[in-house]
Amino acid sequence: MKQGATGSTSESASASTSRSTSAPRVAGLLGDLTAGAVSTLVMLCYAMSLGTLIFSADLARYAELGVPTALISCIVTALVIALTSSMRLNIAGPDSNATAFLAGVAAGVASSVHADGGSPATIILTVLIAIALCSVLTGIVLFAIGSSRRSRSLQFLPYPVVGGFLAGTGYLLLAGAFRVLTGESPRWHTLGLLTQLHWLAWVPALFIGVLTTLLTRGRQHIAALPFVLVCGFALFYIALHLAGLSIDDARRLGLLLPQVRLHLFPDLHVPASLAQGAIDWPAIAAHLPESLIVTSASAITILMNSTAIGAATGEDIDLNREMRAAGLANIASGLLGGMIGYQSYNRSMLNARAGATTRLAGVFAALACLAALVASPGLVALFPVPVLVGLQLFMGLRLMLQWLVGAYARLNWYEYALVPGMLAAVALYGVVAGVIAGVIAACVMFALLYGRVSCVRMEFDATTRTSSVERSIEDSTHLHERGAQVCGLCLQGFLFFGTANSILQRVRERLQADTAARVRYVVLDFASTNGMDASVSIAFVKLRQLCASSGADLVLTALPARSRSLLAKSGTLNLRIHEFATLDAGLEWIEDRLLESCSLTQPSGEQDLRATLAPHFTPSALDRLCAHLEVRDLDAGEPLFLHGEPGDALYIVERGRVAVSLPLSGGRLVRLRSFGPGTVVGEMAVYTQTTRSADVIAEARTRVHRLSVPALFALEREDPVAAQQFHRFLIKTMASRLAVADEALRAAY
1 MKQGATGSTS ESASASTSRS TSAPRVAGLL GDLTAGAVST LVMLCYAMSL GTLIFSADLA
61 RYAELGVPTA LISCIVTALV IALTSSMRLN IAGPDSNATA FLAGVAAGVA SSVHADGGSP
121 ATIILTVLIA IALCSVLTGI VLFAIGSSRR SRSLQFLPYP VVGGFLAGTG YLLLAGAFRV
181 LTGESPRWHT LGLLTQLHWL AWVPALFIGV LTTLLTRGRQ HIAALPFVLV CGFALFYIAL
241 HLAGLSIDDA RRLGLLLPQV RLHLFPDLHV PASLAQGAID WPAIAAHLPE SLIVTSASAI
301 TILMNSTAIG AATGEDIDLN REMRAAGLAN IASGLLGGMI GYQSYNRSML NARAGATTRL
361 AGVFAALACL AALVASPGLV ALFPVPVLVG LQLFMGLRLM LQWLVGAYAR LNWYEYALVP
421 GMLAAVALYG VVAGVIAGVI AACVMFALLY GRVSCVRMEF DATTRTSSVE RSIEDSTHLH
481 ERGAQVCGLC LQGFLFFGTA NSILQRVRER LQADTAARVR YVVLDFASTN GMDASVSIAF
541 VKLRQLCASS GADLVLTALP ARSRSLLAKS GTLNLRIHEF ATLDAGLEWI EDRLLESCSL
601 TQPSGEQDLR ATLAPHFTPS ALDRLCAHLE VRDLDAGEPL FLHGEPGDAL YIVERGRVAV
661 SLPLSGGRLV RLRSFGPGTV VGEMAVYTQT TRSADVIAEA RTRVHRLSVP ALFALEREDP
721 VAAQQFHRFL IKTMASRLAV ADEALRAAY
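When the count follows full-length UniProt numbering, it moves up by one through the sequence shown with no breaks and lands on 749 for the last residue.
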């Protein structure tokens, strides 16, 4: 009985668990199917709207063959990206940005073939091949960008240029809508054609364009676009009935799409009258630059759309994977005769807000589009052209409002000026000219603005910046007095023609300044720079000539390898310029030259230490101190003491030099400071009664005088006056160090 009860309980628990896990799965499946159904309607409308945009005006008679290119792209790109994207809710398809430029490519190719005397068969075949090749080329480039992991490099494109580019796209979409309605490109003399249109051609279009723009301002509701499209269909057919027109009448007036048939490239299923057409390859090659613009537009839009989708949905985004997915989708689309397509922000967000939770929604939408077109080919022919034109108006108006109105509050006036400027260039001279003009204007603007940014991080002289060599009180005083003889600049950033002249001007002003001390050394430190261009080498030639005329030496420190190579190639480094690996090494060399010029270097001998200490002690006190000192001679590389040893003595350097080094993990040493003649080392451990905090090693043959702690105590007992003078001397030494540190800190701020 117990076993039966236990088994029953176990079965009940299992059934409960099964129901609890199956319910979310069913709900998720229903959400995916619902979102996929909504996306199917919007995807078809987008595809046919953008298809009519390409095959409008002179190409409108080929819509029966051309519109399927958009439908193929809609199905193929949606399916491939749904399966391979790094984000589960991505919906892809033909996009307005690339299609606006692709329409220009198609029109340009058709015009070139017509000018060469090509037949209608040659025109349509060449245009279809050009569109397919553009898709394949774009796919290859996108896949290469993603595979090389260079997707984020596209973010370096100037933001105002992107804005002008997209504003120009908005204009091209509006111009395309005009061509679909009138069959002519928008010109002042063709605007009157709008008044000759049947009211059924423009009323639904205006209704869709304006209402969708208003409803999608700010936070877009998930039902806004499908709702407006359904209302647009209903409005059109109600108006068609009220006007007393039949379906055939509407098709003859160009208000409905022609009967179209899906095709798989290269079997174009063209009529027999077109089967003998040849492909005009020179016409395709002539419009290759415009095709590259389409590729660039696609890459930029994928980057922007994917980033926005990831931010809105909270999904992790892999931009390189998105580029590869779009590349594969476009290669497949082009091989099947389709046009360019990629991730769409609006359709993906509609998919997410309609309840999609997995990739199934995107796969279902792609397959539903295919099933609808295969099961009912005549369905496409019932789509009203004015509704599709209204969708084009919405896409164009949205971009124009976003970048001509919304960008004004986000950009500086000089950055914003690029947006209408590029828009005007695109409208008047074409896409290629507009993009080139925008990039050139952005480069000029960058040069002017960056040239105003100071390339000088800090100015200094020998009073505010010294080397890491610890010198005697007297030497430090003399260096401070002669500090104005050094003019130093710490440079930063990238040096180019816009900033090189400012360096030259600063040095000239300093050399010509009416000061008591003549500048003898001009120091330029490159430690914080990241490169220079060739124009800087010319500026340094002028700078060397300026220094020579003023009797000053030019000292360059911490030159990056590439900058040094550039100056070496130009011969600048052969102009008696002093170069050092670090600023500290350069300052040490300058300080030594300054001290030599005033004959302050001490001659070696037994009386060196007494001569150094004499200004700070009375003769009797100095005699008493020297009696307690022990002489110690060190060879180069020999340690005076090591980290962790007891602080049992301090040392006064008589001649030579010792370096204070901090031991790090892995056996590495960091040189902190060096001590020359007349300096004291090791006193901190004596005063604090702690172990040594660093290694002190002789850099050359060195003589030091050791004062042990017992000897110091003995001096304090035997001669308090001498001990007092010694402590005062140590206080002066530490105060001198603090004064130098204070000057350096003040200069840094």
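Backbone N, C-alpha and C fix where the C-beta goes; we use that ideal spot for every residue, glycine too. As the structure is a computational prediction, the values presented were derived from the model and not from experiment.
* To do: Taking 7 Å as the cut-off, decide whether the C-beta atoms of Arg88 and Thr295 are in contact.
  => The answer is no: Cβ separation not under 7 Å.
* **Three-way DSSP call (helix, strand, coil) for Gln343 in this model** => Residue state for Gln343 is assigned as strand, using DSSP reduced to three classes.
* To do: Determine which residues share a DSSP beta bridge with residue 757 and list them.
  => Missing from the structure shown is residue 757; the chain here goes from 1 to 749 and no further.
* Among Glu630, Arg657 and Leu730, nearest to Pro710 - alpha-carbon criterion -> Residue nearest to Pro710 within the set Glu630, Arg657 and Leu730 is Glu630 (criterion: CA-CA distance).
* Expressed to the nearest angstrom, what Euclidean distance is found between the alpha-carbon atoms of Asp461 and Cys487? -> A direct Cα-to-Cα measurement between Asp461 and Cys487 gives close to 5 Å.
* Asked: Should Gln492 be labelled buried (16 or more other beta-carbon atoms within 10 Å of its own) or exposed?
  -> A residue is called buried once 16 or more other Cβ atoms fall within 10 Å of its Cβ, and Gln492 is buried on that count.
* Asked: Alpha carbon to alpha carbon, how far is Phe726 from Ser476?
  -> CA-to-CA, the gap between Phe726 and Ser476 works out to about 19 Å.
* Along the chain, where does the alpha helix (DSSP H) that runs through Tyr687 open and close? -> Judged by DSSP secondary structure, Tyr687 falls within the alpha helix (DSSP H) whose first and last residues are Glu683 to Thr688.
* Between the C-alpha atoms of Gln392 and Val203, what's the straight-line distance to the nearest angstrom? -> Between Gln392 and Val203, the C-alpha separation is close to 14 Å.
* Asked: Count the other CB atoms within 10 Å of the CB of Gly637; is the residue buried (16 or more) or exposed (fewer)?
  -> A residue is called buried once 16 or more other Cβ atoms fall within 10 Å of its Cβ, and Gly637, having fewer, is exposed.
* **Paired residues, beta bridge with Phe460 - DSSP** => The partner list for Phe460 (beta bridge, DSSP) reads Gly488.
* To do: Spatial neighbours of Tyr345 within its chain, please: CB distance less than 7 Å, with the 5 preceding and 5 following residues excluded, ordered by chain position.
  => In the same chain as Tyr345, and ignoring 5 residues on each side of it, the C-beta atoms closer than 7 Å to its own belong to Asn305, Ala308 and Ile309, in chain order.
* **Complete runs of the alpha helix (DSSP H) confined to the stretch 570-623 [at least 4 residues]** => The stretch 570-623 contains these whole alpha helix (DSSP H) runs: 583-597 and 608-613.
* Within the same chain, show all residues whose beta-carbon is closer than 8 Å to that of Leu256, passing over the 5 residues directly before and after it, in chain order. => The beta carbon of Leu256 sits closer than 8 Å to those of Ile247, Ala250, Ala381, Leu382, Phe383, Pro384 and Val385, all from its chain and outside the five residues before and after it, given in chain order.
* **Three-way DSSP call (helix, strand, coil) for His628 in this model** => Three-state result, His628: coil.
* How close, in whole Å, do the beta carbons of Pro94 and Ile340 come, if the pair is a contact with beta carbons under 8 Å? -> That pair is a contact at about 7 Å.
* To do: Determine the contact status of Thr499 and Phe540, defining contact as a CB-CB distance below 7 Å.
  => By the CB criterion at 7 Å, Thr499 and Phe540 fall outside the cutoff.
* To do: May I ask which residues mark the beginning and end of the alpha helix (DSSP H) holding Glu315?
  => Unbroken run through Glu315: none, as it is neither H nor E.
* Distance between Gly434 and Val426 (C-alpha atoms, nearest Å) -> Cα-Cα distance, rounded: 4 Å.
* Given a threshold of 16 other Cβ atoms within 10 Å of its Cβ, counted over all protein chains shown, does Asp742 qualify as buried or as exposed? -> Flag for Asp742 reads exposed.
* Asked: In chain order, what residues of the same chain lie with their CB nearer than 6 Å to the CB of Ala63, ignoring the 5 residues before and after it?
  -> Excluding five sequence positions before and after Ala63, the CB atoms of its chain that fall closer than 6 Å to its own CB belong to Phe55 and Pro258, given in chain order.
* Strand pairing of Gly493, partner residues [DSSP] -> DSSP output for Gly493 lists Thr529 as bridge partner(s).
* Which runs of the alpha helix (DSSP H) fall wholly inside the stretch 349-404 and span at least 4 residues, in chain order? -> The qualifying runs are 360-375 and 385-400.
* Is it a yes or a no for the stretch 32-49 touching the stretch 318-336, going by three-plus beta-carbon pairs under 8 Å? -> In short, these stretches do not touch, since the Cβ pair count stays below three.
* **Assigned exposure category for Leu30 - 16 Cβ within 10 Å defines buried** => It counts as exposed.
* Asked: Can you check whether the CB of Ser570 is closer than 7 Å to the CB of Gly537?
  -> The sequence shown places Ser at residue 537, rather than the Gly named in the question. The beta carbons of Ser537 and Ser570 sit closer together than 7 Å.
* Beta-bridge partners of Asp695, as assigned by DSSP -> When beta bridges are read from the DSSP output, Asp695 appears opposite Ser661.
* **Own chain residues within Cβ distance below 7 Å of Ser135, not counting five before or after** => Taken in chain order, the residues that qualify are Asn330, Ser333, Gly334, Gly338, Met339 and Ile340.
* Asked: Can you tell me the Cα-Cα spacing of Ser535 and Ile503, whole angstroms?
  -> Straight-line Cα distance between these residues: approximately 13 Å.
* Starting from Tyr651, follow the beta strand (DSSP E) in both directions and report where the run begins and ends. => It spans Ala649 to Arg655 - the beta strand (DSSP E) in which Tyr651 sits, taken as one unbroken run.
* 8 Å contact criterion, which Gly396 and Ala177 should meet: CB distance rounded -> Yes, Gly396 and Ala177 are in contact; Cβ-Cβ is about 7 Å, under 8 Å.
* To do: Use the C-beta contact count for Trp199: other C-beta atoms within 10 angstroms, 16 or more gives buried, fewer gives exposed.
  => An exposed status is given to Trp199, since fewer than 16 other beta-carbon atoms sit within 10 Å of its beta-carbon.
* Asked: Enumerated in chain order, which unbroken segments of the beta strand (DSSP E) with a length of 3 residues or greater are wholly contained in the stretch 28-62?
  -> Within the stretch 28-62, no complete beta strand (DSSP E) run reaches 3 residues.
* Asked: Taking just the CA atoms, how far does Asp608 sit from Gln602?
  -> With a pLDDT of only 44 at Gln602, under 50, the local geometry of the prediction cannot be trusted, and the value read off the model is given with reservation. Straight across, the Cα-Cα distance linking Gln602 with Asp608 is about 7 Å.
* Asked: DSSP beta-bridge partners for Ser708?
  -> DSSP, once it has assigned bridges, lists Ala649 as partnering Ser708.
* Taking Cβ positions, are Met349 and Gly168 nearer each other than 7 Å? -> Their beta carbons are not under 7 Å apart, which means Met349 does not touch Gly168 by this criterion.
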